[in-house]
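Taken in sequence, the protein lines are chains U and E. All letters in the first sequence, in the order written, are residues 18 to 358 by the working numbering. All letters in the second sequence, in the order written, are residues 18 to 358 by the working numbering. Comments concern the structure below.
2 protein chains.
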Amino acid sequence: MKGIRRLAQHLDISIGTVSRALNGRPDVNEETRKRVMAAAQELGYVPNQSGRSLRQGTTNIIGFMIQTGTEITGQGDTFFMSVFDGVQAVFARHKLDLVALLCSSEEDPSDYLRRVVARGFADGLILSATRRHDPRIEFLAERNIPFVTLGRSLTDAGRPWLDLDFEGMAQTAIDRLVARGHRRIAVTRPHDDVNLGYVFVDRCREALAAHGLTLDEELIFRSTPTEAGGYQIARDLLALEERPTAILLVNETIAIGFYQALSEAGVRPGRDIAVIGRYSPHAHFLSPPLTCFRLSLRDLGIALAETLLSTMPAFKHHYPQALVNAVWPMELVEGESDAFG
Amino acid sequence: MKGIRRLAQHLDISIGTVSRALNGRPDVNEETRKRVMAAAQELGYVPNQSGRSLRQGTTNIIGFMIQTGTEITGQGDTFFMSVFDGVQAVFARHKLDLVALLCSSEEDPSDYLRRVVARGFADGLILSATRRHDPRIEFLAERNIPFVTLGRSLTDAGRPWLDLDFEGMAQTAIDRLVARGHRRIAVTRPHDDVNLGYVFVDRCREALAAHGLTLDEELIFRSTPTEAGGYQIARDLLALEERPTAILLVNETIAIGFYQALSEAGVRPGRDIAVIGRYSPHAHFLSPPLTCFRLSLRDLGIALAETLLSTMPAFKHHYPQALVNAVWPMELVEGESDAFG
DNA sequence: TCGGCGCCCGTAAACGTTTACGGAACTATG
DNA sequence: CATAGTTCCGTAAACGTTTACGGGCGCCGA
């Protein structure tokens, strides 16, 4: 005898009552509920997930899908850990569990979703590493599986998404650099599969145009979002006939490699070239400290969770005011890498 | 009509046959199997996870438990991503799915396990951030849930575990430094909750003793495994009356902060002090490049997966020779940070 | 006394699978 | 032709829950 039946037998009451007691139903005597709770504790009873979700059609599990192995987003080393923490802070209030769904680099993300989600694994999804054309969105939408994406795509019209405010970053950074006299400004852009690239570069162009400046095509640097990529960017930049006087690094991870290549060439950020990047835990520990855009990843996680729940009927009423399509602001942290002259 | 029943109705055969066909049972006509497969594909049928695992008592899911928010091990996103990739490479062959079980920093890890695992969520577990005294081990052992831990603890006697070869690292590094003339060598150690700290420092002490040297207590530095922690270590080190001529950094993340504090004081690794650390993607991009111990995280993941499967009856015969208690070797990557004089 | 009502509880169906069992149709063997 | 064996398929039970339904019991007011 196992499970709830064992508990019922032990208490000499019916399994129905046990279930009701455990689930906080009103139609059970307060006295019996106490006894049931105590016995459950004593026997270490935990309801079987499969049985419960088979009956209820719900799992109380939310999946955060991330892709292992690949390097396309260029998020720093603590990025996901921090976001997870924020998401969980919200989910804990609703007895929801967060698990990370790990899609192998060897498997197509859409196939993965089909396998693992269509079989009723999670009640809702958070998608990261959103691609410019992302078939996962359509897949989930037509199946009515609640989801929210971290990152914009071209196919997310009407779907809930959150993203970092890369336009704000572009605008602020460009304005700041131009105000300090820079006229020739370089930018980096991530992989073409990521919509962010277009959004960011376009906004940089606009911001420059507002000052009567143009974005030289040779000043748009692509690379893998890794330390080595940053190194390569600096090498390419230094090799230019006409060097820029400033650069905007859109990824977190590339700053170290970028700094190193400059250092080898005797070029110093903040003196010979202005550098603005993205915050990461080591941004302050570079020489000179990196001027960068920072955001609270935990708060971003909280917002993601609330956005997701606001699309789920069972939780909707708790989050009527949640953001559905929004960019998450970043603040500028002053370092010394963009001092100049 | 939903699920397998719908498929059966559509094909006008019984659900039993459909199930057998999909699961590759021998007692089904090859012709019918083709039809079933085709129809499943066409209708986008995917077996319901709950129904299947309720019946089978197995989920085909392996959980990799990690703790979010907290900073105790100093392992970041890229560490786990790489390990995951290796684990998945093995699991893919057995139609097992890997998910990361995210334990919030606000919840006790043991409580978390009780909640999420005792309810039959996963067939097996990989535990990370193993503590010196880790009640999770006993919990899983007495429930006969297959598991393997990444990291040793005091309570894992007879349990399967894998760990990095910190003894080998200590031995190699100490021997190397002593051979180069160092007599006063500092080491770092992680949080006391992590067994690694004892293992590593003890071995350092032994290795030094073999050369007739002792490990001065004031040369054992503790800190959080973060950039800021590394910074603090360097400050403390520099403030000593009698500075060491070499230091061994046992965590990955602290090197940057350590370098920065040295730099601010005009002390250069490889010239004024020898530094040996752990590999991370930015180790080569420090100035000077860090001499460090590296390992293949993907291979470590593969070994973890094989070790776990070798303890699971259903897969045991595939991995008769798997490591059960083993340390994973690290290789020394020559940088310039331990050149001296 | 009797009907109605509220409180609490037991019964049993249902969720979507897998699989043991049995049987029908066919083949091979003597 | 009888029998045994093989191949394939349908039936139904079982996995562990939740929950709709109905009923027993005590209480209250008429």
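We treat Cβ as the ideally placed atom computed from N, Cα and C, and that holds for glycine. These numbers were taken from a predicted model, which means no experiment stands behind them.
Does the beta-carbon of residue i have 16 or more other beta-carbons within 10 angstroms, so that it is buried, or is it exposed?
i	result
G246(E)	buried
Q338(U)	exposed
V341(E)	exposed
H334(E)	exposed
P177(E)	buried
D44(U)	exposed
P346(U)	exposed
T166(E)	buried
N212(E)	buried
M98(U)	buried
G198(U)	exposed
R148(U)	buried
L295(E)	Checking the sequence, you will find Arg at residue 295(E) rather than Leu. It counts as buried.
Within the same chain, show all residues whose beta-carbon is closer than 8 Å to that of residue i, passing over the 5 residues directly before and after it, in chain order.
i	result
Q66(U)	T76
M18(U)	Q26
L232(E)	I202, V204, V218, C221, R222 and L225
Using a cut-off of 7 Å between C-beta atoms, extract the partners of residue i located in chain E.
i	result
N13(U)	Examination of residue 13(U) is not possible in this model, given that chain U is present from 18 through 358 alone.
V85(U)	Just to set this straight, residue 85(U) is Thr in the shown sequence, not Val. Those are M98, F101, D102 and Q105, listed as they occur along chain E.
D94(U)	G93, D94 and T95
H27(U)	Neighbours of H27(U) on chain E: none; closest Cβ ~17 Å, over 7 Å.
V133(U)	D114
P305(U)	Result: empty, since nearest Cβ-Cβ is about 10 Å, beyond 7 Å.
S127(U)	None at all; the shortest Cβ gap to chain E is about 12 Å.
T241(U)	Simply none; closest approach about 11 Å.
In chain E, which residues lie less than 8 Å from residue i when you measure between Cβ atoms?
i	result
A109(U)	S121, E123 and E124
Y248(U)	F302
S280(U)	S304
Can you check which of these residues, the options, is closest to residue i by C-alpha distance?
i	options	result
E244(E)	P298(U), E223(U) and L157(U)	P298(U)
L113(E)	D180(E), I78(E), A291(E) and L325(E)	I78(E)
A196(U)	G175(U), V107(U), A356(U) and T172(U)	A356(U)
F138(E)	T189(E), L71(E) and D173(E)	L71(E)
F156(E)	T95(U), G61(U), V218(U) and L194(U)	G61(U)
I32(U)	E47(U), W178(U), P64(U) and Q58(U)	P64(U)
Q73(U)	N40(U), F81(U), L225(U) and E59(U)	N40(U)
E184(E)	R22(E), Y215(E) and L255(E)	Y215(E)
V107(U)	S240(U), E235(U) and L321(U)	L321(U)
V134(U)	L119(U), T147(U), R148(U) and A146(U)	L119(U)
D210(E)	D253(E), E234(E), A146(E) and A227(E)	A146(E)
D289(E)	I273(E), E235(E), A263(E) and T270(E)	A263(E)
R132(U)	L115(E), R200(E), I250(E) and A158(E)	L115(E)
A227(E)	L213(E), L312(E), R193(E) and L255(E)	R193(E)
T328(E)	D128(E), F164(E), L130(E) and R148(E)	F164(E)
G141(U)	Q249(U), S280(U), R252(U) and L130(U)	L130(U)
R200(U)	A187(U), T95(U) and L230(U)	L230(U)
I250(U)	Y296(U), L279(U), E258(U) and E234(U)	L279(U)
For residue i, which residues from the same chain have a beta carbon less than 7 Å from its beta carbon, with the 5 sequence-adjacent residues on both sides left out?
i	result
D102(U)	R315 and G318
S122(E)	Q84, T85, G86 and T87
S36(E)	I21
A282(E)	L255
E5(E)	This structure cannot speak to residue 5(E), because chain E is shown only from 18 to 358.
Going along the chain, which residues of its own chain have a beta-carbon closer than 6 Å to the beta-carbon of residue i, five neighbours each way excluded?
i	result
R69(E)	none
L365(E)	With chain E represented from 18 up to 358, any question about residue 365(E) goes unanswered, as that position is not in the structure.
L303(E)	Y276
G13(E)	Nothing about residue 13(E) can be read from this structure; chain E reaches only from 18 to 358.
I293(E)	A190, L265, T308 and D355
E348(U)	R311
P152(U)	S127
Round the Cβ separation of residue i and residue j to the nearest angstrom and send it over; I've been treating them as touching at under 8 Å.
i	j	result
P207(E)	P242(E)	6 Å
V267(U)	C309(U)	Rounded, the Cβ-Cβ distance is 11 Å, inconsistent with contact.
T168(E)	D180(E)	Note on identity: in this sequence residue 168(E) is Gly, with Thr being the wrong assignment. Yes, G168(E) and D180(E) are in contact; Cβ-Cβ is about 5 Å, under 8 Å.
A56(U)	T49(U)	Actually they are not in contact, since the Cβ atoms of A56(U) and T49(U) sit about 10 Å apart, beyond 8 Å.
I154(E)	D173(E)	6 Å
Whose Cβ in chain U lies nearer than 7 Å to the Cβ of residue i?
i	result
L115(E)	L119
R136(E)	V63, P64, N65 and Q66
Q277(E)	F302 and S304
Name, please, each residue of chain U whose Cβ falls closer than 9 Å to the Cβ of residue i.
i	result
H208(E)	Those within 9 Å of H208(E) in chain U number zero; the least Cβ separation is about 17 Å.
Looking at the ligand FAD, does it come within less than 7 Å of residue i, judged from the CB to the closest heavy atom?
i	result
E269(U)	The model on display carries no ligand, and the ligand FAD is accordingly not part of it.
Starting from the beta carbon of residue i, find every residue of chain E whose beta carbon is closer than 9 Å, and list them in chain order.
i	result
G41(U)	Ordered by position in chain E, no residue passes the 9 Å Cβ test against G41(U), which lies about 16 Å from the chain.
S145(U)	What S145(U) touches in chain E: nothing, since even the nearest Cβ is about 11 Å away.
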